[in-house]
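All residue numbers for the sequence shown refer to my numbering, where the first residue is 158 and numbers rise by one. Here's the structure we're looking at; comments come further down.
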Amino acid sequence: MEKREKLYEGKAKKLYATDHPDVLWVEYMNQATAGNGAKKEQIDGKGRLNNRITSVIFEELRYRGIASHFLKQISETEQLNRHLTMFPLEIIARNIAAGSFAKRYGMEEGTVLSRPVVEFCLKNDALGDPFINTDDAIALGIATPDQLDIIRAKAREVNHALTAMFADINVTLVDFKIEMGVTSDGTILLADEVTPDTCRLWDKAKTSAGHIERLDKDIFRKDLGSIIPAYEEILERLEKLNAAH
Ligand code: C5P
Numbered sequence: 158m159e160k161r162e163k164l165y166e167g168k169a170k171k172l173y174a175t176d177h178p179d180v181l182w183v184e185y186m187n188q189a190t191a192g193n194g195a196k197k198e199q200i201d202g203k204g205r206l207n208n209r210i211t212s213v214i215f216e217e218l219r220y221r222g223i224a225s226h227f228l229k230q231i232s233e234t235e236q237l238n239r240h241l242t243m244f245p246l247e248i249i250a251r252n253i254a255a256g257s258f259a260k261r262y263g264m265e266e267g268t269v270l271s272r273p274v275v276e277f278c279l280k281n282d283a284l285g286d287p288f289i290n291t292d293d294a295i296a297l298g299i300a301t302p303d304q305l306d307i308i309r310a311k312a313r314e315v316n317h318a319l320t321a322m323f324a325d326i327n328v329t330l331v332d333f334k335i336e337m338g339v340t341s342d343g344t345i346l347l348a349d350e351v352t353p354d355t356c357r358l359w360d361k362a363k364t365s366a367g368h369i370e371r372l373d374k375d376i377f378r379k380d381l382g383s384i385i386p387a388y389e390e391i392l393e394r395l396e397k398l399n400a401a402h
């Protein structure tokens, strides 16, 4: 496989074309951002950790019956993915109130939701990734009603599988963001990444009524110290789980 021209540079990844039209070459960077790029830092080791974490998670999801764009990890910081036509949507699933949901509805962080929530934001940095409902998404031509039904159902399946997978490593999956795209034959697939950058992950053993032990990017967002030990902890637990499968 040959790496060709750069197609896109995001906040955490660079995407390159390859000599195969259906394959994307993805490089994970050390950059961390929060607040839509308002806070930005280079963190040594982050690219390597997220590349490995998302590779293991996509393998674990495949083991649990969920297909994704992931093909294979090719170096410490690079992987090959299927090249999809992406929906410009941030698909968020939530099990516990936190972050923007807790703020929007005036809820205490940590309140367990009576039913998991799936919500959509328009992926548009210039607009600050605004909340979007399905009628808006259809009117804007982002997806058809049938595609949105599939996206919502798949997000719930991913939530179910990821919740079980993280429970196996003694971590509570609070919420996460995923993206999806469509193959040339019209199949909708999970894409982008699943890492502590895109999930809220709380250590079950060390979280209690008065304390949250965070193992995710909230450590960076809230200036609580280095993210590296937390990301390493997540990876170490996932590697053990993966080795058993
Ligand atoms: O900030 P908010 O509570 O809406 O985030 C919900 C979930 O989506 C969190 O796990 C967060 O890490 C993730 N997220 C993301 N990228 C964004 C916005 C949110 O990965 N641009």
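Quick reminder that beta carbons are idealized off the backbone N, C-alpha and C, glycines included. Being a predicted model, the structure only gives us computed values, none of them experimental.
Distance cut-off 6 Å: residue i Cβ against heavy atoms of the ligand ZN
i, result
"ILE335", "No copy of the ligand ZN appears in this structure; the ligands present are the ligand C5P."
Nearest-angstrom Cα separation, counted from residue j out to residue i
i, j, result
"ASP201", "LYS168", "15 Å"
"LEU206", "GLY222", "24 Å"
"THR242", "THR340", "7 Å"
"ALA195", "ILE376", "16 Å"
"MET264", "ARG161", "48 Å"
"TYR185", "LYS171", "7 Å"
"ASN399", "GLU216", "8 Å"
"PRO178", "VAL274", "35 Å"
"THR355", "LEU164", "22 Å"
"ASP176", "ALA387", "37 Å"
"TYR238", "GLY382", "One detail in the question is off: residue 238 reads as Asn in this sequence, not Tyr. When rounded, the distance between both Cα atoms is 32 Å."
"HIS240", "ILE249", "22 Å"
"HIS402", "LEU218", "11 Å"
"GLU314", "GLY367", "31 Å"
"VAL183", "ARG261", "34 Å"
"SER271", "ALA174", "43 Å"
"ASN316", "ILE289", "20 Å"
"ILE308", "PRO302", "10 Å"
"THR344", "ILE385", "36 Å"
"THR291", "ALA312", "14 Å"
The ligand C5P heavy atom lying under 6 Å from the CB of residue i
i, result
"SER257", "yes"
"THR352", "no"
"ARG357", "yes"
"ILE376", "no"
"ILE249", "yes"
"ASP332", "yes"
Buried versus exposed call for residue i [16 or more other C-beta atoms within 10 Å across all chains shown]
i, result
"LEU284", "exposed"
"LEU158", "Sequence inspection shows Met at residue 158; the Leu mentioned does not correspond to that position. Burial call: exposed."
"HIS226", "buried"
"VAL269", "exposed"
"GLU336", "buried"
"GLU166", "exposed"
"ASN208", "buried"
"GLY338", "buried"
Three-way DSSP call (helix, strand, coil) for residue i in this model
i, result
"MET158", "coil"
"SER383", "coil"
"ARG221", "coil"
"SER232", "coil"
"HIS402", "coil"
"SER271", "strand"
"HIS368", "strand"
"GLY204", "helix"
"GLU266", "coil"
"ASP375", "helix"
"ILE391", "helix"
"THR291", "helix"
"PHE277", "strand"
"GLY307", "Looking at the sequence provided, one finds Ile at residue 307 rather than Gly. It is helical."
"GLY338", "strand"
Own chain, CB closer than 7 Å to residue i, minus 5 neighbours either side, in chain order
i, result
"ILE299", "PHE244, PRO245, LEU246"
"ALA362", "ASN327"
Residues near residue i by beta carbon distance below 6 Å, same chain, minus five either side
i, result
"GLU266", "ALA255, ALA259"
"THR329", "TRP359, LYS361"
"MET322", "GLU217"
Own chain residues within Cβ distance below 8 Å of residue i, not counting five before or after
i, result
"ASP456", "For the chain, the structure presents residues 158 to 402; residue 456 sits outside this window and is missing."
"ASN187", "GLN199, ILE200, ASP201, GLY202, LYS203, GLY204"
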